[in-house]
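Protein chains: 2
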Amino acid sequence: MSLVVQKFGGTSLADAERIRSVADHVARTRRQGFEVVVVVSAMGRETDELLHLAAQVSDVQPGRELDMLITAGERKAMALLCMALAELDCPSSSFTGSQAGLITDTLHTRAKILEVRSERLRQALESGRVPVVGGAQGVSSDRDVTFLGRGGSDTTAVALAHALGADVCELYTDVSGVFTADPRIEPSARKLRELSFEEMLEMSASGCPKPETRSVEFARNHAVPLHVRSSFTWEPGTWVVSAEEAEKRRAEESSMEQAIISAVVHDTSEAKVTVTHVPDRPGIAARLFRSLADEHVNVGMIEQNVSIGGTTDISFTVPKAFLDVSLQVCRSHAEEIGANDVLADPDVANVSLIGAGMKTHPGIAATMFETLADEAINIEMISTSPIRISCVVHSDDVERAVQSLHAAFGL
Amino acid sequence: MSLVVQKFGGTSLADAERIRSVADHVARTRRQGFEVVVVVSAMGRETDELLHLAAQVSDVQPGRELDMLITAGERKAMALLCMALAELDCPSSSFTGSQAGLITDTLHTRAKILEVRSERLRQALESGRVPVVGGAQGVSSDRDVTFLGRGGSDTTAVALAHALGADVCELYTDVSGVFTADPRIEPSARKLRELSFEEMLEMSASGCPKPETRSVEFARNHAVPLHVRSSFTWEPGTWVVSAEEAEKRRAEESSMEQAIISAVVHDTSEAKVTVTHVPDRPGIAARLFRSLADEHVNVGMIEQNVSIGGTTDISFTVPKAFLDVSLQVCRSHAEEIGANDVLADPDVANVSLIGAGMKTHPGIAATMFETLADEAINIEMISTSPIRISCVVHSDDVERAVQSLHAAFGL
Numbered sequence: 042m043s044l045v046v047q048k049f050g051g052t053s054l055a056d057a058e059r060i061r062s063v064a065d066h067v068a069r070t071r072r073q074g075f076e077v078v079v080v081v082s083a084m085g086r087e088t089d090e091l092l093h094l095a096a097q098v099s100d101v102q103p104g105r106e107l108d109m110l111i112t113a114g115e116r117k118a119m120a121l122l123c124m125a126l127a128e129l130d131c132p133s134s135s136f137t138g139s140q141a142g143l144i145t146d147t148l149h150t151r152a153k154i155l156e157v158r159s160e161r162l163r164q165a166l167e168s169g170r171v172p173v174v175g176g177a178q179g180v181s182s183d184r185d186v187t188f189l190g191r192g193g194s195d196t197t198a199v200a201l202a203h204a205l206g207a208d209v210c211e212l213y214t215d216v217s218g219v220f221t222a223d224p225r226i227e228p229s230a231r232k233l234r235e236l237s238f239e240e241m242l243e244m245s246a247s248g249c250p251k252p253e254t255r256s257v258e259f260a261r262n263h264a265v266p267l268h269v270r271s272s273f274t275w276e277p278g279t280w281v282v283s284a285e286e287a288e289k290r291r292a293e294e295s296s297m298e299q300a301i302i303s304a305v306v307h308d309t310s311e312a313k314v315t316v317t318h319v320p321d322r323p324g325i326a327a328r329l330f331r332s333l334a335d336e337h338v339n340v341g342m343i344e345q346n347v348s349i350g351g352t353t354d355i356s357f358t359v360p361k362a363f364l365d366v367s368l369q370v371c372r373s374h375a376e377e378i379g380a381n382d383v384l385a386d387p388d389v390a391n392v393s394l395i396g397a398g399m400k401t402h403p404g405i406a407a408t409m410f411e412t413l414a415d416e417a418i419n420i421e422m423i424s425t426s427p428i429r430i431s432c433v434v435h436s437d438d439v440e441r442a443v444q445s446l447h448a449a450f451g452l
Numbered sequence: 042m043s044l045v046v047q048k049f050g051g052t053s054l055a056d057a058e059r060i061r062s063v064a065d066h067v068a069r070t071r072r073q074g075f076e077v078v079v080v081v082s083a084m085g086r087e088t089d090e091l092l093h094l095a096a097q098v099s100d101v102q103p104g105r106e107l108d109m110l111i112t113a114g115e116r117k118a119m120a121l122l123c124m125a126l127a128e129l130d131c132p133s134s135s136f137t138g139s140q141a142g143l144i145t146d147t148l149h150t151r152a153k154i155l156e157v158r159s160e161r162l163r164q165a166l167e168s169g170r171v172p173v174v175g176g177a178q179g180v181s182s183d184r185d186v187t188f189l190g191r192g193g194s195d196t197t198a199v200a201l202a203h204a205l206g207a208d209v210c211e212l213y214t215d216v217s218g219v220f221t222a223d224p225r226i227e228p229s230a231r232k233l234r235e236l237s238f239e240e241m242l243e244m245s246a247s248g249c250p251k252p253e254t255r256s257v258e259f260a261r262n263h264a265v266p267l268h269v270r271s272s273f274t275w276e277p278g279t280w281v282v283s284a285e286e287a288e289k290r291r292a293e294e295s296s297m298e299q300a301i302i303s304a305v306v307h308d309t310s311e312a313k314v315t316v317t318h319v320p321d322r323p324g325i326a327a328r329l330f331r332s333l334a335d336e337h338v339n340v341g342m343i344e345q346n347v348s349i350g351g352t353t354d355i356s357f358t359v360p361k362a363f364l365d366v367s368l369q370v371c372r373s374h375a376e377e378i379g380a381n382d383v384l385a386d387p388d389v390a391n392v393s394l395i396g397a398g399m400k401t402h403p404g405i406a407a408t409m410f411e412t413l414a415d416e417a418i419n420i421e422m423i424s425t426s427p428i429r430i431s432c433v434v435h436s437d438d439v440e441r442a443v444q445s446l447h448a449a450f451g452l
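Same order as they appear, the protein sequences are chains A and B.
Going left to right, the first sequence walks through residues 42 to 452 as my numbering numbers them.
Going left to right, the second sequence walks through residues 42 to 452 as my numbering numbers them.
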């Protein structure tokens, strides 16, 4: 029998009515002859509400306790979904991350999965039940409850799909798939039928909000086919598969021209930091970025200008929430290493072109730069990968950049 | 070092401010040189809210899922209290029922504790931490999450106090102790300084809402001293101890006269059922009450009238919520056994006198009946134990009954 893992996000489970609607879909999938494992997030905005409550109670929030608090959200959702399934005569059992055998490291609030011991889920499946698993949670080697971090339910779903050998991992969300651009900015954006893991990973890392980057990495590393789709329309969404499979599916859609570029993605969550007149000696940059890493700053794009007169400028992007700590780190280093100044620019945005076809088609970068130049949009930084070109622009220009690129590449 | 178990109910943890206030009290107790283990209920009315949510989602609520849902409430409370303790530099760790080693049977929604494996709590205490345990929850021999039932946090607290050899189990609530009568009905009601386990058990079973009856039973069976007190005033409350210890303490309060009667308790939660003209043959009553037990009806008082002409009337009280099912059971039996009729009276109340001194003082019952007669209150049923006399009266008469008895016995 085919096995499908279905993950439902918070908006898909926001209230009693939506929970019943999800139960109906799960029961229907089962009647169609599939074995189903369900992964749920907390209802609606409950995780935010719990964090708000914690902030009201205390300024000190030990990670172990924060994880205990937050994971209460998924427990509620999974128990309620099982009740709704019971009303539909669909036998099910809820499982915490611990009960589902998700063993993690001990890094609270952002634990990583070490191992999936899936015996209990297999037993439930064998006895004809639908296991409903609380997402984004596990139990550490210290027997403590751990949280995988925001969006971690996607990772739970992919990890279970891999461990159980599922045929597909369906990620249900409030949009009907992955689009060629954000439809709020570009009204003619199209839903993509398929993407390769590599394209999806570049898109997630470049600002596409769903699915979570970590889950795409996991899916790529273990070749778990993903299907990103809507729990509001239930229509087919976007498949994320191996490059080979994506290529094959695209070829089958004979009426469609092969696209070189799959999508335009933008990201306004980062800020730019520039350290000027850094002495151009080996090890200087390494020390700076090690110090940033020590403060858990996830550096995005890095650019180092050509050295002039023995010094160079280093620019990089960081999440806006980490701008202040990044500036502190840079300023303390600037003094030590004799750099001139540390500049911050929070008003930047990142625009990226993603496309597996890019590798074999010259001139993509040139067309991108020309398109932006025609719109009088200044490019502040550039970064590339074999299937992506990203430009940092002023945040005021980001909508025009997305729209003009979407048109220029015929998306 | 002395060890104290402190249990805080929902109203004591209703919001962020109250949680901080509880944390302050726990930290203060610890600074006074006590080891402390804390047990928490869910915040405020959260358990009710979760049950309401479940009712919205589904008419079918498997016990396993209901328990998973409800226990989320205590998890939140315990994590938040640990955060508040962290801010006060009081090291603590939260523990679910499962983590605290509360092993229960598999009877969901009303599980019973089979065993307490307290190693993790002992380790936490030894490392100088305050364990904060989610009340009313455990893990079953099937590795499922179980709920001990409403008010089960009191039982958790007493069970842990016994397992850890605590010197006292403090039950913090929204009243400052156990009173000679309900102060809402009898304004001159006094707080009792001490009670024997047996008296407290009779009071709990006769309608005194706190502490939970089961926890008092457990405390009596294992001689765990209880201290029922308020988390709003923090003043000393009522001690519940062995009969010998209660006697000793009362003797020490030399200025006070030895009370024969400790309190008047009333209960309006039950209804009366009467089956008329039951054939007076052995085994008839047994079959009726077995059938009621099979439907989980907790029968209170039972009275069988003198047999007249080979038939008798059987009256008994049941919780109002079980009146309908009790009537069904009785009616199906009435036909079978040839009884005449089944009558229901929901408008009854139970008034009880409790007092360890009662055993050796004749005339208590007579004074009780005279007092009620003087108030023209009709007695519908009577039941007694060595330290209790209970009368069922019309519910309209209950307040006058409590007031007149409180005065008549000089409470």
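Don't be surprised by glycine CBs; every beta carbon is placed ideally from N, CA and C.
Chain-ordered chain A contacts of residue i [CB-CB under 8 Å]
{"i": "Asp100 of chain B", "result": "Glu128"}
Identified DSSP bridge partners for residue i
{"i": "Ser431 of chain A", "result": "A:Ser393 and A:Ser424"}
{"i": "Phe363 of chain B", "result": "Partner(s): none; Phe363 of chain B has no beta bridge."}
{"i": "Ile144 of chain B", "result": "B:Glu156 and B:Val180"}
{"i": "Ile349 of chain A", "result": "A:Thr352"}
{"i": "Arg291 of chain A", "result": "DSSP output for Arg291 of chain A lists no bridge partner at all."}
{"i": "Ala312 of chain B", "result": "B:Val359"}
{"i": "Trp280 of chain A", "result": "A:Glu235 and A:His268"}
{"i": "Lys48 of chain A", "result": "A:Val80 and A:Leu212"}
Contacts that residue i makes with chain B (C-beta to C-beta distance below 8 Å)
{"i": "Pro103 of chain A", "result": "Cys123, Met124 and Ala127"}
{"i": "Leu94 of chain A", "result": "Ala57, Lys117 and Leu121"}
7 Å Cβ cutoff met for residue i and residue j
{"i": "Ile418 of chain A", "j": "Ala442 of chain A", "result": "yes"}
{"i": "Cys123 of chain A", "j": "Ala68 of chain A", "result": "no"}
{"i": "Leu107 of chain A", "j": "Thr150 of chain A", "result": "yes"}
{"i": "Glu311 of chain A", "j": "Pro360 of chain A", "result": "yes"}
{"i": "Ser43 of chain B", "j": "Phe75 of chain B", "result": "yes"}
{"i": "Ala7 of chain B", "j": "Pro103 of chain A", "result": "An answer regarding residue 7 of chain B cannot be provided, because it is not within the stretch 42 to 452 covered by chain B."}
{"i": "Ser194 of chain B", "j": "Thr145 of chain B", "result": "no"}
{"i": "Ser436 of chain A", "j": "Ala390 of chain A", "result": "yes"}
{"i": "Met244 of chain A", "j": "Val306 of chain A", "result": "yes"}
{"i": "Ala152 of chain B", "j": "Leu189 of chain B", "result": "yes"}
Collapsed DSSP secondary structure at residue i in the structure displayed
{"i": "Phe136 of chain A", "result": "strand"}
{"i": "Gly175 of chain A", "result": "strand"}
{"i": "Ile301 of chain B", "result": "coil"}
{"i": "Lys232 of chain B", "result": "strand"}
{"i": "Ser194 of chain A", "result": "helix"}
{"i": "Cys371 of chain A", "result": "helix"}
{"i": "Ser43 of chain B", "result": "coil"}
{"i": "Arg225 of chain B", "result": "coil"}
{"i": "Ala385 of chain B", "result": "strand"}
{"i": "Cys249 of chain A", "result": "coil"}
{"i": "Leu212 of chain B", "result": "strand"}
{"i": "Ala55 of chain B", "result": "coil"}
{"i": "Val443 of chain B", "result": "helix"}
{"i": "Ile325 of chain A", "result": "helix"}
Under 7 Å by beta carbon: chain A residues contacting residue i
{"i": "Gln97 of chain B", "result": "Ala57"}
{"i": "Glu227 of chain B", "result": "Within chain A, no residue comes near Glu227 of chain B; the closest Cβ sits about 38 Å away, beyond 7 Å."}
{"i": "Ala113 of chain B", "result": "Ala113, Arg116 and Lys117"}
Contacts that residue i makes with chain B (C-beta to C-beta distance below 7 Å)
{"i": "Glu106 of chain A", "result": "Ala120, Cys123, Met124 and Ser135"}
9 Å Cβ cut-off: residues of chain A touching residue i
{"i": "Met42 of chain B", "result": "What Met42 of chain B touches in chain A: nothing, since even the nearest Cβ is about 24 Å away."}
Which residues of the region 130-142 of chain B have a Cβ closer than 8 Å to any Cβ of chain A? Give them in chain order.
Ser134, Ser135, Thr137 and Gln140
When Cβ atoms are compared, which residues of the region 61-73 of chain B fall closer than 7 Å to chain A?
Arg61
Counting only Cβ-Cβ distances shorter than 8 Å, please list the residues of the region 162-179 of chain B near chain A, keeping chain order.
none
Which of the residues in the region 249-280 of chain B, read from start to end, lie with their CB under 7 Å from any CB of chain A?
none
To be precise: take each residue of the region 410-427 of chain A, compare its Cβ to all Cβ atoms of chain B, and keep it if any distance is under 8 Å. Which residues remain?
none
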